[in-house]
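Residue numbers (my numbering): 12 to 502. Below is one structure, written out as C-alpha cells, with a few remarks after it.
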Ligand code: NAP
C-alpha cells in the first residue's frame, strides 16, 4: 500500500492513511483484531482507528527486522544514503499533506506543523550524508607491537519509541541514523498520533526501503509490547523520546539484556533575561521558546527568570504578545495556537494555574480553559510566581508562561539549575562574555544564547541530568547506532 490516495486529496483525510500494522513490508491487522481510536484534539471526535498490536504482533516485528538485518547491514552505504535522500525528497514534496495530517491528529497550528515537517525531512537528508562518512581509525599501539584498527558496525535491531508532540520529527530523528548506520528497526509511535508514523512508513517503502528494515506498530499495551521486544536477545538498541518517568521504566527493562539506550527525556527549561538584553529580541525569543508547538515541546521555556530592571517591561510585552495569539483548530489557516493534546493535559494545565495563583502568582492574560468542544487553553502569563509553585518544578507542556524576578547573576544561575532536568536553557544578554559564562555554568545539554530556538539536525540534541542519555542529530546521532570494533593486528 502507498500513501498516494491521501496525497492526492486536498485536505488530509485520515481515512486514506494506512492504519494497520506495518510488519515485514506488509500491512496487517492486529492478531486480536482490536483497534485504537485516534481523536482530533480540536473537536474531541474520532478521526480514525489504528490496529492494536499484541505482544505476539510486537514479536513478529522483531522477526521481520531480524530477517532483514544482514541484508541491510551489507547494503552499500551509498545505496542506503540514496534511499534516505529519496525519503527526504518525497517528504519535502509532500510537506503540506504531512503538515495537515500532523495538525489533524496532534492539534498543533499549521505553521508549527509545517515547521515540524521541514525539520523532520532534514534528518533524512542529514543522515543520508552521514551514511557515507562512517570512518574508522588505524593507529600503532604504544608498544609498537601491533596496529589498532577500529571500525564501526551497526548495533543491530533497534526499538524506536516516540512521543505525540512531534510525530514526524521524533521518528525521522531516529529512523534516519538507524538506517544510515545499517540497523533495522521497529518504530512504536505514541497512541495519540499514529497516523503520521504510518504515512511515513508508506513513504519509506516508496523511497526504496526494503521489506522488514522499518516496521511500525501501535498498541494500547506499550509496556507489555516494548517489554517483550526488549526481552528478545536479538534486539540491541533502544532509542526513546518521551517523559523521564517512562524513560526510567524502559532503562530498567533494557538493563536485563544490557541493551544500548539513547534517552531523550523531559525538560524544565529556564529562560533567563538580564537587564542588558535587547528587550524586543528577548520577547521574540520568548514567544518562540514558549509557544512553538503551543508549549508542548521538551525544549519549551518552562520558567522565565527576568532581572529586576527589565522585569516590568518584559511582563507587559509578553502579556501583549500572548494576548494576540489566535486560538483555534490546528488546521484552520488563521490559527496561531491550537488545542492541547487531550482532556488530561487540559485539566493538568488548569490545575497548574490554580496552584500558582493559590501561592500568590497573578494571571496577566488567559488562565481559564475555553468552554467549547476540543481541548483549548489560552496563552497564559503568570507574574510573580514563587519557586515552590508546581509549574516551576515540573514540565508544563502547555501554553503557560510563569515569570519571576531575580537580582544577581549568581541568583539566576542557582535558580536555573534548581531542577533534576537539564535539557536546554535560554539566556538573553548583550554582554557576550556574560552570556558564555552563564551558558557554561548552566546545567543543560543545550543553551540558546540570544536565541529562542536551538534545534538543528546538524547539532547534537540532548540533555544532562534526568533529561537523558546520548545525543541525536549531528555526527553524534549516527554513533548512537554504531558499535566500535577494535581489531588488534600484527603485520
Ligand atoms: P510518554 O508518556 O513518556 O510516552 C512516550 C512514548 O512512550 C509513547 O510512544 C508511549 O506510548 C510510550 N510509553 C508509555 N508508557 C510506556 C511504557 N510503560 N513502556 C514503554 N513505552 C511506553 O511521553 P509523551 O506524553 O508521549 O510525550 C511527552 C514527553 O516527551 C515530555 O516529557 C517531553 O519532554 C518528552 N519529549 C522529549 C524530547 C527530547 O528530545 N528530549 C522530545 C519530545 C518530547 P503510548 O502513547 O501508547 O502511551
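Note that beta-carbon positions come from the ideal geometry of N, C-alpha and C, so glycine has one too. Since we're looking at a predicted model, the values are computed, not measured.
- Residue pairing of residue 379 in beta bridges, as defined by DSSP: absent, with no partner found.
- The continuous stretches of beta strand (DSSP E) do not include residue 356, which lies in the alpha helix (DSSP H) extending over residues 354-369.
- Cα atoms of residue 128 and residue 99: separation of roughly 10 Å, rounded to the nearest angstrom.
- By DSSP's assignment, residue 196 forms a beta bridge with 169 and 225.
- The residues 438, 440 and 460, in chain order, have a CB closer than 6 Å to that of residue 446 in the same chain once the five nearest residues on each side in sequence are set aside.
- By the neighbour-count criterion, in which a residue is buried when 16 or more other Cβ atoms sit within 10 angstroms of its Cβ, residue 391 is buried.
- Remark: three or more beta-carbon pairs, one from each stretch, lie closer than 8 Å, so the segment 225-239 and the segment 206-215 are flagged as touching.
- Between residue 373 and residue 394 the beta-carbon gap is near 5 Å, inside 8 Å, which marks them as a contact.
- Cβ-Cβ separation between residue 113 and residue 124: approximately 4 Å, consistent with a contact (criterion under 8 Å).
- Separation of residue 469 and residue 486 (C-alpha to C-alpha, rounded to the nearest whole angstrom) is 8 Å.
- Ranking 121, 96, 92 and 396 by CA distance to the CA of residue 343 puts 121 first.
- Going by DSSP, residue 130 is part of the alpha helix (DSSP H) stretching over 121-141.
- For residue 433, the distance from the CB to the nearest heavy atom of the ligand NAP is not below 7 Å.
- Residue 253 and residue 310 have their C-alpha atoms spaced approximately 12 Å apart.
- Under the criterion of beta carbons closer than 8 Å, residue 172 and residue 237 qualify as touching, at roughly 6 Å.
- By the neighbour-count criterion, in which 16 or more other beta carbons inside 10 Å mark a residue as buried, residue 185 falls on the buried side.
- The segment 321-345 is shown to contain whole alpha helix (DSSP H) runs of 4 or more residues at 322-335, in chain order.
- At least one heavy atom of the ligand NAP sits closer than 7 Å to the Cβ of residue 309.
- About 29 Å separates the beta carbon of residue 366 from that of residue 420, a gap too long to meet the 8 Å contact definition.
- Burial is judged here by how many other beta carbons sit within 10 angstroms of a residue's own beta carbon; residue 248 has at least 16 and is buried.
- Distances taken from the Cβ of residue 199 to the heavy atoms of the ligand NAP include one shorter than 7 Å.
- C-alpha of residue 246 to C-alpha of residue 501: approximately 34 Å in a straight line.
- In the DSSP annotation of this structure, the continuous segment of the alpha helix (DSSP H) that includes residue 83 starts and ends at 66-85.
- Only exposed fits residue 425, as fewer than 16 other CB atoms lie within 10 angstroms of its CB.
- Comparing alpha carbon positions, the residue from 477, 329 and 387 closest to residue 296 is 329.
- Nearest Cα to residue 455 within the set 348, 435 and 465: 435.
- Only exposed fits residue 87, as fewer than 16 other CB atoms lie within 10 angstroms of its CB.
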